[in-house]
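J.: Supplied in structure tokens, the structure appears directly below.
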Amino acid sequence: MGETPTEGSTQPSADLEMAFIREYLNAHPPTRPLTPEEEKRRQRDAMLYAALKMEEIAGRARLMKGLQD
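Here the sequence shown is numbered in this note's numbering, starting from 21 and rising by one per residue.
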């Protein structure tokens, strides 16, 4: 209520991105204790996965918008 169109508009995408990061981390549990460098790499991989999924969603949205126009 009382939100401008830009207020809160990034929160849903941030929540979705965090969900993709959690999805990656849950799907790829470590089989042994990780070194700090390995944990950093795992986090980077999760963030890359989330970024690619977000790009996929944006691409699909553009496609759907193009089909509707």
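We treat Cβ as the ideally placed atom computed from N, Cα and C, and that holds for glycine.
#1: Taking 8 Å as the threshold, find out whether the segment 48-56 comes into contact with the segment 72-86 through three or more Cβ pairs.
#2: Taking the straight line between their C-alpha atoms, what separation do you get for Tyr69 and Ile77?
#3: Answer yes or no: do Tyr44 and Ala66 have a C-beta to C-beta separation smaller than 8 Å?
#4: Should Thr26 go down as buried or exposed, given a rule of 16 or more other Cβ atoms within 10 Å for buried?
#5: Please list, in chain order, all residues of the same chain as Gln63 whose beta carbon is under 7 Å from its beta carbon, the five residues on each side excluded.
T.: Let's see:
#1: no
#2: 12 Å
#3: yes
#4: Because Thr26 sits at a pLDDT of 49, beneath the cut-off of 50, its placement in the model cannot be relied upon, and the following sentence gives the value as read from the coordinates. Exposed is the call here.
#5: none
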